[in-house]
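Enquirer: In the working numbering, the protein residues as written are -13 to 67.
Backbone N, C-alpha and C fix where the C-beta goes; we use that ideal spot for every residue, glycine too.
One structure, as structure tokens, below. Some questions next.
In structure tokens:
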């Protein structure tokens, strides 16, 4: 079950929602608005082999490649909604 990030286009509230199926209607938890835009989620994981505060993008992508892959996934998902 993926967790998606949204922003309400009516009240500008940012929220997350577990999506059970892609046809599920998403409502803003603050104003109950139905006009919500999916947001680009960027994530990283700590590299166990490195020292300090280094992180690398999950899935072995470089930072730029991870952002591009995530943006493509969001664009694909947005076109289905």
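Out of -5, -1 and 32, point me to the one whose CA is closest to residue 15's CA.
Expert: Numbered from 1 along the chain shown, position 29 holds the residue referred to as residue 15. Of the listed residues, the one whose Cα sits closest to residue 15 is -1.
Enquirer: Give the DSSP-derived three-state secondary structure of residue 113 in the structure shown.
Expert: Absent from the model: residue 113. The displayed extent of the chain is -13 to 67, so no value can be given.
Enquirer: When the Cα atoms are used, what is the spatial distance from residue 6 to residue -10?
Expert: Start at 1 with the first residue of the chain shown, and residue 6 comes out as number 20. Start at 1 with the first residue of the chain shown, and residue -10 comes out as number 4. In a straight line, the C-alpha of residue 6 is about 11 Å away from that of residue -10.
Enquirer: Around the C-beta of residue 33, are 16 or more other C-beta atoms found within 10 angstroms, so that it is buried, or is it exposed?
Expert: Taking the first residue of the chain shown as 1, we reach residue 33 at position 47. Exposed is the call here.
Enquirer: Count the other C-beta atoms from every protein chain shown that fall within 10 angstroms of the C-beta of residue 17, then say buried if there are 16 or more, exposed otherwise.
Expert: The count along the chain shown starts at 1 and reaches residue 17 at position 31. Classification of residue 17: exposed, given that the 10 Å Cβ count is below 16.
Enquirer: Considering only residues of the same chain and omitting the five flanking positions on each side of residue 1, which have a CB-CB separation below 6 Å?
Expert: Counting from 1 along the chain shown, the entry for residue 1 is found at position 15. Excluding residues within five positions, the ones whose Cβ falls inside 6 Å are -8 and 15.
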